[in-house]
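Residue numbers (the working numbering): 10 to 177. For each residue, glycine too, the CB sits at the ideal point set by N, CA and C. Input: a single structure, listed below in structure tokens.
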């Protein structure tokens, strides 16, 4: 069976197919399948979702519904650093909208929230459960509290430095 995979890596597609084939009940294991696919491709573009749908005999709309429902799945390429700015009520009234704008401006993000250099993704989230220290920004697993617009450049710089340290 041939699918239009729009330039996705054939070796990775084979690995994914082999993984899917290990399940007798593919529908009951769809979350595991999607996690595996995201782990090897880095994200779940529409073409990959259709490929998974066909191999699992599930409607593509169902696959897309799962991918878009759960926040741990990404339809767009992801940078090394995922910047989540809380726009929940407590953070919003303390200025998180301006913080979001500062991250987007400083990183020159595109329509999908990916920075110009491909290292950062900037997204909004509704709540991280840390309202008392809002506005809150989460970069990967690190939480920053009481963030101000003036902190944005320093947060970005810290993560760029972290990357430079890893590379050396």
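Asked, Found
"Leaving aside the five residues before and after residue 68 along the sequence, list all residues of the same chain whose C-beta is less than 8 Å from its C-beta, in chain order.", "62"
"With C-beta atoms as the reference, is residue 104 less than 7 Å away from residue 144?", "yes"
"Could you pull the DSSP bridge partners for residue 156 from this structure?", "Note: residue 156 sits in no beta bridge, so no partner."
"Would you say residue 137 and residue 92 are within 7 Å of each other, going by their C-beta atoms?", "no"
"With distances taken Cα to Cα, identify the nearest neighbour of residue 24 among 34, 123, 39 and 50.", "50"
"Considering only C-alpha positions, which residue in the set 54, 154 and 55 is nearest to residue 108?", "154"
"Please state whether the Cβ-Cβ distance between residue 122 and residue 130 is less than 7 Å.", "yes"
"On the DSSP bridge assignment, give the partners of residue 95 in chain order.", "134"
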